[in-house]
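Student: Sequence positions in the sequence shown follow the numbering used here and run 609 to 1062. Where a beta carbon is used, it is the ideal one built from N, C-alpha and C, also for glycine.
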Amino acid sequence: MKVTIGFEIHEQLATKTKLFCNCPTNYREVKPNTNVCEVCTGMPGAKPFPPNQKAIDAVIEIALMLNCEIVKEPIYIQRKHYDYPDLPSGYQRTSLPIGKNGELNGIGIWEVHLEEDPGKYDPVTGRVDYNRSGIPLVEIVTAPEIHSPEEAREFLKELVKVLSYTGKVRKEGGTMRMDTNISIEGGARVEIKNINSIKGAYKALKFEITRQKNLIKRGIKIKRETRAFLEEQMITRAMRTKEQAEDYRYIPDPDIPPIVISNEKIEEIRKAMPESPRAKELRFVEQYGISQENAKIIASELELANAFEQVAKQIDPRIAATWFRDELKRVLAYNNLTFAQSGIKPEHIVELLKMIKNDEITQKTGKKVLEILVSQPKSPRKIVESLGLLKIKSEDIVEKAVEEAIAENKQAVKDYLAGKTEALNFIVGQVMRKTKGRAEPKEVLKLIKEKLKC
Ligand SMILES: [Zn+2]
């Protein structure tokens, strides 16, 4: 049975001020209802400002990154009416499409537009916090071209990557909200609301497919309805059926002039925007001769990819890629950090990989230093020196020098074995010469004795 899935995804834009007023957007760090004004609390008669240009530019860039055409006709801001305590004006402002007919990962993007976030209502206490009210959101609507929860997860991961590449969405994460719609061959479309994470989307779809298939098996027809995803229980629950569907009574907002996007604006944004993660991945394979798999992992974060390119100028890219993928990503994942958050600099990695290449430290030490680097980003050489990690290497040198000294001074060895203990001092002296005094004489003596026992 063929499964068809589509998404509507909302993400907060990282502007300093709200969409239709100048209130700050740092709603998480301040007391409830402090970043508010008459506009974002929907006071009667309050006049909204024209839409925040930074938010418009961000949506244009996101639309271009998703390979959309940008709409050239005037784009009206509409009022979407519904009643809920988080929406004091009784309507949410939402633009008509800014971008259309895009594509990501082979999945069509129907449209990309701008919206304002409502406030935050707590049904338990009955309190509403309007700090979030009026924060700009981008909404991305996909074509129903996804056919499994796994494919949905892949698509969403790629989308998050693209959004983070633009740097135009909130860095702290956890602000993505989505609705998904799913239908199984022959059945009606079911919409699922309240999904807040990629994992949540995957679980909701898994649950819904099982639920619908079980109904079909029992001969029950799937009816068109809207369901809510209950994150904690990982299930969906009926919200309303088609008969109860909401009528949002959309009208253009008479207080706000339509957005008009010029060709110059589009070109200006196109020129300044980053290469897409996918294009970067392909270029890495081509330019540096690294594997597709490594390229994909390295391109998963823009800062990580940029660091790789800097390192690859000085270190064999294939060796660098292996370290980035196997070690650096492992350590970052273990510490639950992005590369940018870790504070590691490309120079640190160059220094570390050069020390390994020059045989100053072992691979094992290199891995250990990388683990330390994540919590204390500083010169790897300093880390190696402060922890005496070079000594591991010098022990090898000492051992090698001891072996050489024994091989080269057969007479002294013979004398020692014959009972002349002072012959040992001669061999120790030879080892000290070979190691340029970097060895510890007591250790050398011990080593020589051990070697001569067998
Ligand atoms: Zn305001």
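Considering only heavy atoms of ligand 1, does any lie closer than 8 Å to the CB of Thr623?
Tutor: no
Student: Since Phe815 is in the alpha helix (DSSP H), which residue starts that stretch and which ends it?
Tutor: Where Phe815 is concerned, the enclosing alpha helix (DSSP H) stretches over 806-825.
Student: With respect to 8 Å, is the separation between the Cβ of Asn630 and the closest non-hydrogen atom of ligand 1 below this value?
Tutor: Taking the Cβ of Asn630 as the reference point, at least one heavy atom of ligand 1 falls within a distance shorter than 8 Å.
Student: Could you please give me the residues that DSSP links to Tyr699 through a beta bridge?
Tutor: Its beta-bridge partners are His689.
Student: Could you check whether the Cβ of Val647 sits closer than 8 Å to any heavy atom belonging to ligand 1?
Tutor: yes
Student: Considering only their Cβ atoms, is the gap separating Leu910 from Lys937 smaller than 9 Å?
Tutor: At a Cβ-Cβ threshold of 9 Å, Lys937 and Leu910 do not count as neighbours.
Student: May I ask you to check if the CB of Gly951 is nearer than 8 Å to at least one heavy atom of ligand 1?
Tutor: no
Student: Hey, would you say the C-beta of Asn643 is under 8 Å away from at least one heavy atom of ligand 1?
Tutor: yes
Student: Please go through the same chain and pick out, in chain order, the residues whose beta-carbon is closer than 7 Å to the beta-carbon of Ile1000, but skip the five residues on each side of it.
Tutor: Interpretation of Ile1000 is limited by its pLDDT of 45, a score under 50 that renders its predicted location unreliable; the figure taken from the coordinates is listed afterwards. If we look at Ile1000 and ignore the five residues flanking it on each side, its Cβ neighbours are Thr970, Thr973.
Student: Examine chain B for any beta-carbon lying closer than 9 Å to the beta-carbon of Leu1055, and answer yes or no.
Tutor: The question asks about chain B, but that chain is absent: this structure has only one protein chain.
Student: What do you reckon, are the CB atoms on Leu621 and Gly650 nearer than 9 Å?
Tutor: Taking 9 Å as the cut-off, the beta carbon of Leu621 is found no closer than this to the beta carbon of Gly650.
Student: If you reduce the DSSP assignment to three classes, tell me which class Asn789 lands in.
Tutor: In this structure, Asn789 counts as strand in the three-state DSSP scheme.
Student: What runs of the beta strand (DSSP E), each 3 residues or longer, lie entirely inside the region 719-788?
Tutor: The region 719-788 contains these whole beta strand (DSSP E) runs: 728-730, 735-737, 744-750.
Student: Count the other CB atoms, across all protein chains shown, that sit within 10 Å of the CB of Gly714; report buried if there are 16 or more and exposed otherwise.
Tutor: Under this definition Gly714 is an exposed residue.
Student: For Glu894, name the three-state secondary structure that DSSP assigns.
Tutor: Three-state result, Glu894: helix.
Student: Gln841: which of Met847, Cys631, Ala812, Lys825 sits nearest, CA to CA?
Tutor: Ala812
Student: Go through the region 868-953 residue by residue and report every complete run of the alpha helix (DSSP H) that reaches 4 residues or more, in order.
Tutor: 871-880, 885-896, 900-906, 910-920, 925-930, 937-942, 947-950
Student: Should Gln1038 go down as buried or exposed, given a rule of 16 or more other Cβ atoms within 10 Å for buried?
Tutor: buried
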